[in-house]
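Note that UniProt numbering numbers the sequence shown so that position 44 is 44, with each residue one more than the last.
The beta carbon of each residue, even a glycine, is placed where N, CA and C say it ideally should be.
Note that the structure is predicted; figures quoted are calculated from it, not measured.
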Amino acid sequence: MIHELLLALSGYPGSIFTWNKRSGLQVSQDFPFLHPSETSVLNRLCRLGTDYIRFTEFIEQYTGHVQQQDHHPSQQGQGGLHGIYLRAFCTGLDSVLQPYRQALLDLEQEVREEIRERRLWDSCLGHVLEFEIPFDVVT
């Protein structure tokens, strides 16, 4: 399940961690064998994945939109967000997300090194939960 969690936290939901446009990532209801406390912790981690997906969607939406506006100045009056400040914000937001991506890569390397499952879980919490406060500040 740790591989599916890492994929979900990287923005790739699946059958265990599902995506809903309104509520974001969450543990699928199709897994009744999980203890409620495990589901609670996993859903807490899923909030980070949800924020990450929404941040990356925002970056993709508005950096693409900004570039399009630069090439078609006649469309500037059509509304929507555009401009150099938005591009700078998206670049900064992408830079802020880089340590999160690196933490996920570090976790993946630990998985490959076959660390015992309990120690791996503790490591996962330590690496990823440190981003809760910065993500909350941005959202």
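Could you give the DSSP three-state label for Gln98: helix, strand or coil?
By one-based count along the sequence shown, residue 98 stands at place 98. Three-state DSSP puts Gln98 in a helix.
What is the C-beta distance between Val128 and Leu45, in whole angstroms, given that I count them as a contact (C-beta under 8 Å)?
On the sequence shown, residue 128 is found 128 positions in, with the first residue counted as 1. On the sequence shown, residue 45 is found 45 positions in, with the first residue counted as 1. Sure, about 6 Å apart at Cβ, within 8 Å.
Three-state secondary structure (DSSP) at Leu34?
As a working note, residue 34 is residue 34 in the sequence shown. In the structure shown, Leu34 sits in coil (DSSP, three-state: anything other than H, G, I, E or B).
If you follow the alpha helix (DSSP H) that Phe135 is in, where does it begin and where does it stop?
Taking the first residue of the sequence shown as position 1, residue 135 is located at position 135. Note, Phe135: alpha helix (DSSP H), Glu132 to Val138.
For the alpha helix (DSSP H) holding Leu5, just list the boundary residues, first then last.
Indexing the sequence shown from 1 puts residue 5 at position 5. Where Leu5 is concerned, the enclosing alpha helix (DSSP H) stretches over Ile2 to Leu9.
Excluding the 5 residues flanking Asp106 on each side, which residues of the same chain have their C-beta closer than 7 Å to its C-beta?
Walking along the sequence shown from the start, residue 106 turns up at place 106. The residues are His127.
Whose C-beta lies closer than 8 Å to the C-beta of Val41 among residues of the same chain, with five residues either side of it excluded?
Here residue 41 corresponds to residue number 41 of the sequence shown, with the count starting at 1. Closer than 8 Å at Cβ, skipping near neighbours: Leu125.
Please classify Ser74 as buried or exposed, where buried requires at least 16 neighbouring CB atoms within 10 angstroms.
Numbered from 1 along the sequence shown, position 74 holds the residue referred to as residue 74. Only weak support exists for where Ser74 lies, its pLDDT of 43 falling under 50; the coordinates are left without a value.
Who pairs with Asn20 in a beta bridge, going by DSSP?
Mapped onto the sequence shown, residue 20 falls at position 20. Answer by DSSP bridge pairing, in chain order: Gly24.
Leaving out five residues before and five after Trp19 in sequence, what residues of the same chain have Cβ atoms less than 7 Å from its Cβ?
By 1-based counting over the sequence shown, the position of residue 19 is 19. Pro13 and Leu25, listed in sequence order.
Once DSSP output is grouped into helix, strand and coil, what is the label at Gly126?
What you label residue 126 is simply residue 126 of the sequence shown in a count that begins at 1. DSSP places Gly126 in helix when its eight states are reduced to three.
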